[in-house]
Structures are given as structure tokens and as C-alpha cells.
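Chemist: Quick note: the sequence shown uses the numbering used here, first residue 1329, plus one each step. Cβ coordinates follow ideal geometry from the N, Cα and C atoms, glycine included. This is the structure, below, for whatever I ask next.
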Amino acid sequence: MSSSRFSLQDWSFSTIIAGFVAVLVGYTSAAAIVFQAYQSAGANLAQIGSWFTMLGFGMAITTIGLSFYFRTPILTAWSTPGAALLVTSLPGISINEAIGVFVFANGLILLSGITGLFAKLMRYIPQALSAAMLGGILLRFGLDAFVSLQTNLLLAGSMCLTYLLARRYLARYAVILSLCVGLVIAALQGDIAFHGQALHFAAPILIAPHFTWSTLIGIGVPFFVVTMASQNAPGIATLYASGYKVPVSPLITVTALVTLLLAPFGVYSVGIAAITAAICMGKDVHPDPQKRYTAAVAAGVFYLLAGLLGGSIGTLFTALPAPLIQTIAGLALLGTISGSLHRALGEEKQRDAAIVTFLITASGIQLFGVGSAFWGLVGGVITHCILSLPAKSQKKISN
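Dropping the structure here:
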């Protein structure tokens, strides 16, 4: 934990905007998948609205609390890979059994945090591989920013041009100026539509969990593995790759404990964010890395607002056109992507392992229900170990 005290001087317009963009990207890129997962659990619209409300509160509490305590930009987020797994696994079981799966899986995550097993594993992963995995995760977002030129040239092109000009003259405001230009053009094109729906608050709805061996083993265990491998591991790697050496076990323990307490209210997962967290860690956010935590705190406030409007979250975050969201996400992550690749390929001895990690992660493959980020890390570690064998053997012979 940093010994520095909180000061209003730590805040800036750019950190607040970074927090807003992080939450905007997180909701618009994955809210639809989470919505489908909740539908698969058998939840009705009122329950889904309530569950989104509690998700927002859970992410707000953990993001603000951890970022303030460690003075580090620690964003939390729902597990998108976990939601994708639930979409295909939950149909056919009762909503009470679905809640039971949430409780069981997060209990396992809490146990991993308390025992420190996850932290021990992370210590053995070379930093170059963590950076390469982060670069692979973020690559798609960087590519989508320019793919958007094909779908809406005026909108995406104007945002890119604004970003470049702002980077030259007003670097700290490049993202917000690009977003403002995008919003104006989208409005002029008639692409911002709320469909006349009113925003409303959804009250929490408590649902008792029901446990069966078939659902716990068949869904709960795979969900635990996917969440740890595809959400928490990349999240911790993002912090490490950005130079923030935060103790791992407290992060896993706190997020798992909050999720476990809120699971009966429909909170299926709150873990360490990777993609959205990276938006709050670049040089454009704040020139002083020790003050970038305010961007995460700002994101926590926007999470809280999103939670208050959980009943209308679909209306709020689907009103903007996809090219605008894709472009602003890619532009916000450009600095993080380049920094990750620089750290990944900087050390020659780890370069081959790093590029293997990067390519596997960027490929998007899924094996046994586990995402490419985990397998990229596995491939990189195997490559690193094998390529290190001859050097070790020669050293022993020469001795």
C-alpha cells in the first residue's frame, strides 16, 4: 500500500474520462453476453435488472475500495468468459440451482485467495509473458478501431484524426476529444437512439441457492477454472505488465468475498479486470503512475451509477453505435498495446516465448471451455522452459 495521502491534486479531467471510457467499454462490449447468461439461468426481466444493479454495486465497491487502499488503478469486472460459459451451461436447471453455482464457484475462488495458491503461481510467470498475454488480449480492440473505418468511415475516421491531432497538441485530452467528436457525428447521423425508454432503478431480489452435485461439478468447477484462468490471471498480468506490483492474494480474496456475499442477489462474478483496467493505466491518463488510481476510482463511481440504473442498463449502454464504441476503445488502448509489446519483446532470451504467448492469446482459441489467454500463458511457459534447457545443461557440463 502506498504511503501517499489522498489529494484532490491527484485528480484530473483525463483520469475521470479514462474511468468513464473503461466502464463504457466494459458494459457495451459484454453486457449482451451477461444478459444472455442471466436469461439462460431462467431469470425474468425484473430479476435481470436487479442482478445488473447488484453487479454494478459489487464492481463499484471493490474497484473504489481496492484502488484507494493500494493507491493503484485496480479495476474489477464481471467475467465475460464465465458469462459465455454460463450461456451454454445453465439452460435446463432452476434459477435456484444457478445461484447455487454462483455461490459454490466463488467459494472456491475465495479459498484460492486465502491459501495464496494463485499468488504463488503468478510469481513463477516471467514478466515478458504477462506483457505478451496482455498485448494479445488487447490486440482485437486495437484492430477493431480501424476495422470501424470500413463500417462508418466518417465517424471512425474523424475520431482517429482528432486523436492524432490531439496527441500532437493536447495529449492528455486525446481520448475525450475523440469521444466528443464521435458523439457529435453519431448524433448528426441519427445513430444514437434510446428508443423512448425511461431509465429506472431495479430493487435487489434475493434468491435462495440450491445445491446439487451435478450442477456443482458439471458447471461450478468449469466456471471456477474459466474465471480464474481467463479473468483473474489476465487481470493480475495487466497490473504486473503495467508496473504495479500489488499483492495478489488480497485482491482475489476481497473480490471473491464480495461476490460470495452478493451471489444470492444474482452477482455471478466480480474479478480483476484486464482490458478495461488497461484503459486506466496508460501515460495519457496521468503522467504520474502513482496518481492513475484516480481513474479507477472514477470508474468505480460510474459503476455505481450504472448499478443505480441497472433496470435500464440495456437502454443506456446500447444507445451508442458499435463503430463509436470500437473506435474509442481501440484508441484508448493504443498506448497500452505498444507498451505491452515493448516489454514483451525487450528481453531477447524471452522473446520467442513471449511471441508464442502473444500469438496464442490473440488467436482467440478455446480448449476445454478455457479461453486463449490461459492457453497463451501455458504455451509461453512451455516454450520458455524448453528453450532454457540447453543453456542449463551446458552450464552443468562446464562445471
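Give a yes or no on contact between the stretch 1617 to 1637 and the stretch 1392 to 1404, applying the rule of three or more CB pairs nearer than 8 angstroms.
Modeler: Output reads yes: the stretch 1392 to 1404 touches the stretch 1617 to 1637.
Chemist: In whole angstroms, give me the CA-to-CA distance for L1436 and S1558.
Modeler: The residue given as residue 1436 occupies position 108 in the sequence shown. The residue given as residue 1558 occupies position 230 in the sequence shown. Looking at the two C-alpha atoms, the distance is approximately 15 angstroms.
Chemist: Measuring CB atoms only, is the stretch 1362 to 1381 touching the stretch 1598 to 1611, in the sense that at least three cross pairs come out at less than 8 angstroms?
Modeler: No, they do not touch.
Chemist: Quick one, are the C-beta atoms of G1386 and A1690 less than 9 angstroms apart?
Modeler: Here residue 1386 is taken as the residue at index 58 of the sequence shown, counted from 1. Here residue 1690 is taken as the residue at index 362 of the sequence shown, counted from 1. It is not a contact, given that the beta carbons lie outside the stated cut-off.
Chemist: Give me, in chain order, the residues of the same chain whose beta-carbon lies closer than 6 angstroms to that of L1462; leave out the 5 immediate sequence neighbours on both sides.
Modeler: Taking the sequence shown and counting its residues from 1, the one referred to as residue 1462 is at position 134. Excluding residues within five positions, the ones whose Cβ falls inside 6 angstroms are A1565, T1566, A1569 and S1668.
Chemist: Helix, strand or coil: how does DSSP classify G1635 here?
Modeler: Here residue 1635 refers to the residue found at position 307 when the sequence shown is read from its first residue. If DSSP states are grouped into helix, strand and coil, G1635 belongs with the helices.
Chemist: Could you check whether the Cβ of Y1631 sits closer than 9 angstroms to any Cβ belonging to chain B?
Modeler: Here chain B cannot be found, since the structure has a single protein chain.
Chemist: Out of I1504, E1425, F1380 and A1531, which one is the CA nearest neighbour of S1597?
Modeler: One-based indexing of the sequence shown puts residue 1597 at position 269. Among I1504, E1425, F1380 and A1531, the Cα nearest to that of S1597 belongs to F1380.
Chemist: Please confirm whether A1672 and L1715 have their CB atoms less than 9 angstroms apart.
Modeler: Here residue 1672 refers to the residue found at position 344 of the sequence shown. Here residue 1715 refers to the residue found at position 387 of the sequence shown. No.
Chemist: Would you list the one or two residues that DSSP bridges to A1447?
Modeler: On the sequence shown, residue 1447 is found 119 positions in, with the first residue counted as 1. According to DSSP, which records beta bridges pairwise, A1447 is partnered with nothing at all.
Chemist: Could you give the C-beta distance for G1370 and A1433, rounded to a whole number, given that I count them as a contact under 8 angstroms?
Modeler: Sequence index remark: in the sequence shown, residue 1370 carries index 42 (1-based). Sequence index remark: in the sequence shown, residue 1433 carries index 105 (1-based). The pair is not a contact, with the Cβ atoms about 18 angstroms apart (cut-off 8 angstroms).
Chemist: In or out: Q1654 buried (at least 16 other Cβ within 10 Å) or exposed?
Modeler: Working through the sequence shown from its first residue, we reach residue 1654 at position 326. Q1654 should be labelled buried.
Chemist: Measuring CB atoms only, is the stretch 1489 to 1505 touching the stretch 1339 to 1349, in the sense that at least three cross pairs come out at less than 8 angstroms?
Modeler: The stretch 1489 to 1505 vs the stretch 1339 to 1349: in contact.
Chemist: Leaving out five residues before and five after C1488 in sequence, what residues of the same chain have Cβ atoms less than 6 angstroms from its Cβ?
Modeler: For this step, residue 1488 is matched to residue 160 along the sequence shown. Cβ neighbours of C1488 beyond the five flanking positions: none.
Chemist: Please report the straight-line C-alpha distance between R1679 and F1474, rounded to a whole angstrom.
Modeler: In the sequence shown, the residue the question calls residue 1679 occupies position 351. In the sequence shown, the residue the question calls residue 1474 occupies position 146. In a straight line, the C-alpha of R1679 is about 27 angstroms away from that of F1474.
Chemist: Who are the Cβ neighbours of A1459 in its own chain at under 6 angstroms, not counting the five residues just before and after it?
Modeler: Your numbering for residue 1459 matches position 131 in the sequence shown. Excluding residues within five positions, the ones whose Cβ falls inside 6 angstroms are A1569, S1668, R1671 and A1672.
Chemist: Can you check DSSP and say which residues form a bridge with G1599?
Modeler: Taking the sequence shown and counting its residues from 1, one reaches residue 1599 at position 271. According to DSSP, G1599 bridges with A1405.
Chemist: Considering P1578, what are the terminal residues of the alpha helix (DSSP H) in which it resides?
Modeler: Residue 1578 sits at position 250 when you count from the first residue of the sequence shown. Here the alpha helix (DSSP H) through P1578 covers V1576 to L1590.
Chemist: Beta carbon of Q1654: closer than 8 angstroms to some heavy atom of the ligand SAH?
Modeler: The model depicted lacks the ligand SAH and carries no ligand whatsoever.
Chemist: For L1403 and L1588, what's the separation of their Cα atoms in angstroms?
Modeler: What you label residue 1403 is simply residue 75 of the sequence shown in a count that begins at 1. What you label residue 1588 is simply residue 260 of the sequence shown in a count that begins at 1. Approximately 18 angstroms, taken between the alpha carbons.
Chemist: How about D1445 and G1635: do their beta carbons lie closer than 9 angstroms?
Modeler: The residue labelled residue 1445 in the question sits at position 117 within the sequence shown. The residue labelled residue 1635 in the question sits at position 307 within the sequence shown. The sequence shown places Leu at residue 1445, rather than the Asp named in the question. The answer is no: Cβ separation not under 9 angstroms.
Chemist: Since L1457 and L1661 are thought to touch, with beta carbons under 8 angstroms apart, how far apart are those beta carbons, to the nearest angstrom?
Modeler: Translated into the one-based positions of the sequence shown, residue 1457 becomes position 129. Translated into the one-based positions of the sequence shown, residue 1661 becomes position 333. Incorrect: roughly 19 angstroms between the Cβ atoms, too far for contact.
Chemist: Please report the residue range of the alpha helix (DSSP H) in which L1492 lies.
Modeler: The residue given as residue 1492 occupies position 164 in the sequence shown. It spans L1481 to Y1497 - the alpha helix (DSSP H) in which L1492 sits, taken as one unbroken run.
Chemist: Tell me which same chain residues have a C-beta within less than 6 angstroms of the C-beta of L1544, skipping the five on either side of it?
Modeler: For this step, residue 1544 is matched to residue 216 along the sequence shown. Around L1544: F1432.
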